[in-house]
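*Asks:*
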Ligand code: IPD
Ligand code: CA
Ligand code: CA
């Protein structure tokens, strides 16, 4: 889950341990000041009566790690991200100290927190069906007479392969989160938990010298068959069962991840380990050599850590590399920052789109039967515009799905939160998110994200165009009969019928923004749109131009991007060499357009 997505938090559900009244009172005033609803429930109580799945909810636990684990049981199955305020003693999971409550939550609702999506473990047996964030332990039943045998024997299989017979007091299967618990005390390795979804099987008090911890993927099914009575505990007893001789238990990675919110008010992982477990290879107070922006300093400057998506950061090119040609340093800095923010906003908005794709139930018709909007368009719009607004409150925003907001300083964002809604509503994967920034009316930065393929196209005018961080450019094909064309809106099918015979193929994909990106990255040699709206093309235009495309109107005049126009605007984009041949055919092939919007 993307931390940026939390910028649209509407509701907080807090699970509260006894003696937390002071913290709860502060949470009440913080939420009231920000118009966020708050419901509190006592630890152990159900949240069904206060939880609304249609609202963007943040789970907060106020207590120690026990309360945090109760939170995981409650929030993870509902896909609700959670943050823990520590009013207990030694907490490893609830990592916000009470005095930092307001500042940490401010960071969350500005979308600047990080979300660690943690692997959980699932266990199924005759008497148990449970999920845990830490571990599952299978142990011998303590003998009535303390000097009787304390050993248990378990036959263990990974998928269908027999691993062998484990002998000892039992074993633990832990997640990366749980690797610093029971598993560690049995000499298991510490798992760095970020983006780590493995499980490990660790023998407890074994006398078999050759038996070592085993690491498996979350899809591996571990099967245990008891050779004597045993007990099974999930997360230290949050669920438990007694196993008879010969009973079978299956343990695997849980499908649902637990979404743990981290702010700059948390310690880094190894700092927390140093403090709480006495990790002996660095001084707790030693400055972090590798991290330029450690701890609380990060509240004012974003870093990969505080934004939270290494993958997304990787593919945000560092435009500084190619910025020598830019004369206006301020402009270069704004566009660079805008590029980063647009990337994060698009990826954050991509999440709900992926979740809702293929299950659209309600479609609202706007101007005609093909001009539609869904709840997904609105959700994506809320995320993108909130993220932009948080970072650039003075900039204007024009989005297909909301009234225009004028800016003060020559910068205007142009957003199509879902381009290709028709495809989206019918379960077709060809849809995209398009975000552009205009500088004094000219598209200067563009990001187009394709949620279903996780491809990110982006560009900064005068700097470069990239797909997932790698430079892209148009093809140099000059023969129509070897070219692949894309047709956008083409009301009477003239473009299709004319060029179909002349070219290798004409494709109609259904997302104008994506068409321009395919031209930019060379999987198409040209694209045609009979009529465009500014938000359909603003992002793709920057990307295609920066990748070397030639973009004109239907007569070959340079394409003029005009946010204010009410006229229909045709767009012919090509790799350049093909342009004359395309125009020639367009002039003869296309009827007089009187395009009505
Ligand atoms: C539409 C798509 C489509 C194009 C239409 C657009 P929407 O955008 O880009 O490919 O042909 O003209 O309106 O409505 O799905 O955002
Ligand atoms: Ca569109
Ligand atoms: Ca749209």
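Numbering (UniProt numbering), first residue to last: 1 to 597.
Ideal placement from N, C-alpha and C gives every residue a C-beta, glycine not left out.
Computed from a predicted structure; not experimentally measured.
If I follow the unbroken beta strand (DSSP E) through residue 417, where does it start and stop?
*Replies:* Residue 417 -> beta strand (DSSP E) spans 411-419.
*Asks:* Does residue 69 pass the burial test, meaning 16 or more other C-beta atoms within 10 Å, or should it be called exposed?
*Replies:* Classification for residue 69: buried.
*Asks:* Using only the alpha-carbon positions, how far apart do residue 247 and residue 40 sit?
*Replies:* If I take the Cα positions, the gap works out to 41 Å.
*Asks:* Please specify which runs of the beta strand (DSSP E), each continuous and at least 3 residues long, are wholly inside the segment 416-448, giving them in chain order.
*Replies:* Qualifying beta strand (DSSP E) stretches, in chain order: 432-439.
*Asks:* How about the segment 425-434 and the segment 343-357: do they share at least three Cβ pairs that are nearer than 8 Å?
*Replies:* Short answer: they touch.
*Asks:* Any heavy atom of ligand 2 closer than 7 Å to the CB of residue 587?
*Replies:* Flag unset: Cβ of residue 587 not near ligand 2.
*Asks:* In chain order, what residues have a CB nearer than 5 Å to some heavy atom of ligand 2?
*Replies:* The answer, residue by residue, is 416, 419 and 536.
*Asks:* Within 10 angstroms of its Cβ, does residue 302 collect 16 or more other Cβ (buried), or is it exposed?
*Replies:* The predicted model places residue 302 with a pLDDT of 31, which falls under 50 and marks its position as unreliable, so this point remains unresolved.
*Asks:* Report the CB separation of residue 550 from residue 574 in whole angstroms; it is logged as a contact under 8 Å.
*Replies:* About 5 Å separates the two Cβ atoms, so the contact holds.
*Asks:* Under 8 Å between the Cβ atoms of residue 413 and residue 427?
*Replies:* No, the Cβ-Cβ distance between residue 413 and residue 427 is not below 8 Å.
*Asks:* Just to check, is the beta-carbon of residue 557 closer than 7 Å to a non-hydrogen atom of ligand 3?
*Replies:* It does not: the Cβ of residue 557 is nowhere closer than 7 Å to a heavy atom of ligand 3.
*Asks:* Quick check on the burial criterion: 16 or more other C-beta atoms within 10 angstroms. Buried or exposed for residue 54?
*Replies:* Per the 10 Å Cβ criterion, exposed.
*Asks:* Return yes when at least one heavy atom of ligand 1 lies under 7 Å from the C-beta of residue 512, else no.
*Replies:* Residue 512 Cβ: within cutoff of ligand 1.
*Asks:* Please tell me whether, using a cut-off of 7 Å, the distance from the CB of residue 531 to the nearest non-hydrogen atom of ligand 3 is below it.
*Replies:* Every heavy atom of ligand 3 is 7 Å or more from the Cβ of residue 531, so no.
*Asks:* Any chance you could list the alpha helix (DSSP H) runs of at least 4 consecutive residues sitting entirely within the segment 44-83, in chain order?
*Replies:* Runs found: 65-75.
*Asks:* In this structure, does DSSP put residue 540 in helix, strand or coil?
*Replies:* Looking at residue 540 - three-state DSSP - the assignment turns out to be helix.
*Asks:* CB-CB under 8 Å to residue 219, same chain, minus the five flanking residues each way: which ones, in chain order?
*Replies:* Same-chain partners within the cutoff: 252 and 253.
*Asks:* On the premise that residue 488 lies in contact with residue 529, defined as a C-beta separation below 8 Å, what is that separation, rounded to the nearest angstrom?
*Replies:* Right, the Cβ-Cβ distance comes to about 4 Å (below 8 Å), so this counts as a contact.
*Asks:* Count the C-beta pairs between the segment 136-156 and the segment 216-232 that are closer than 8 Å, then say yes if the count reaches three, no if not.
*Replies:* They touch, by the three-pair rule.
*Asks:* Which of the three DSSP states is assigned to residue 259 in this structure?
*Replies:* Reduced to three states, the DSSP call for residue 259 is strand.
*Asks:* Suppose contacts are defined by Cβ-Cβ distances below 8 Å. Is residue 202 in contact with residue 224 by that definition?
*Replies:* Contact: no.
*Asks:* For residue 114, which residues does DSSP report across the bridge?
*Replies:* Per DSSP, 262.
*Asks:* Counting only the same chain and skipping the five closest in sequence on each side, list residues whose C-beta sits under 8 Å from that of residue 523.
*Replies:* These residues qualify, in order along the chain: 484.
*Asks:* Would you call the segment 198-213 in contact with the segment 108-117, where contact means no fewer than 3 C-beta pairs closer than 8 Å?
*Replies:* Touching, no.
*Asks:* Check whether the Cβ of residue 400 sits closer than 7 Å to any heavy atom of ligand 1, and report yes or no.
*Replies:* Yes.
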